[in-house]
Structure formats: structure tokens, C-alpha cells
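The working numbering puts the first residue of the sequence shown at 165, with every later residue one more than the last. Note that the Cβ used here is the ideal one computed from N, Cα and C, for glycine as well. Take a look at the structure below.
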Amino acid sequence: VELVKMNKGSVQVLAISGDSQKEEIEVFLKSFPEAKTTEGFHIVWDESKDMVKKWGVQKLPESYIYDMNRKLVKRISGAVEWTTEEALAYMK
């Protein structure tokens, strides 16, 4: 959410939940209420786990960075602090 806010519309986040039940997303959102109201931050539920299988997700979380032409630029396994100077510079 902070990454999206700091980049003022030039970054979009699509969070894909592989949770077993949709209710688990609501529990998660209680910890991050701004995720519901931040423009450019979207959450979808992969109920069938098709996306997890298609992308070969091995470790959660995984991040996929695409450029403006929808070309995959980088895949990152594991947690990332997206508001560090290094991460913000990379996103520019």
C-alpha cells in the first residue's frame, strides 16, 4: 500500500490470495485497512489455485514486477520491504 501511495499512480499492485477460504482475506484486511481504499491496490482470490500453478509459486509471498509493456522484469521469492530507498529507486 505504501509503495503505491509513494509512487502516485505509476505503480499498481495486484495481490493474489491463495487462501483456502475467502474469509481469510477479510481477516488479513483487518490488519491492512488501507488496502481496501487505496487506488491502485487490488486483491483477488485465486480460489481454484490456477494462478499459483500457472506461475509455479514456490514460496509465499512471491512478487512479480512487470514493466509498462506487461513484460516480466523480475520475480522475487520471499518478503520485501518495498519502501526502502533501494526498492523505490528500482521501481522508478
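Between the Cα of Lys223 and those of Thr202, Glu166, Ile240, Asn233, spot the shortest distance and give me the residue it belongs to. Ile240
Note down, in chain order, each residue of its chain lying with its Cβ closer than 7 Å to the Cβ of Met170, except the 5 sequence neighbours on either side. Thr247, Leu252
For Val177, list the residues DSSP reports as bridge partners. Phe205
Looking at the unbroken alpha helix (DSSP H) that takes in Glu188, where does it start and where does it end? 187-195
Do Asp210 and Gly182 have their beta-carbon atoms positioned less than 7 Å apart in this structure? yes
Report the rounded CA-to-CA distance for Glu198 versus Lys213, giving the unit in angstroms. 25 Å
Using the three-state DSSP reduction, which class does Lys213 fall into: helix, strand or coil? coil
So is Val168 buried or exposed if we call it buried at 16+ other beta carbons inside 10 Å? buried
According to DSSP, simplified to helix, strand and coil, what is Val237? strand
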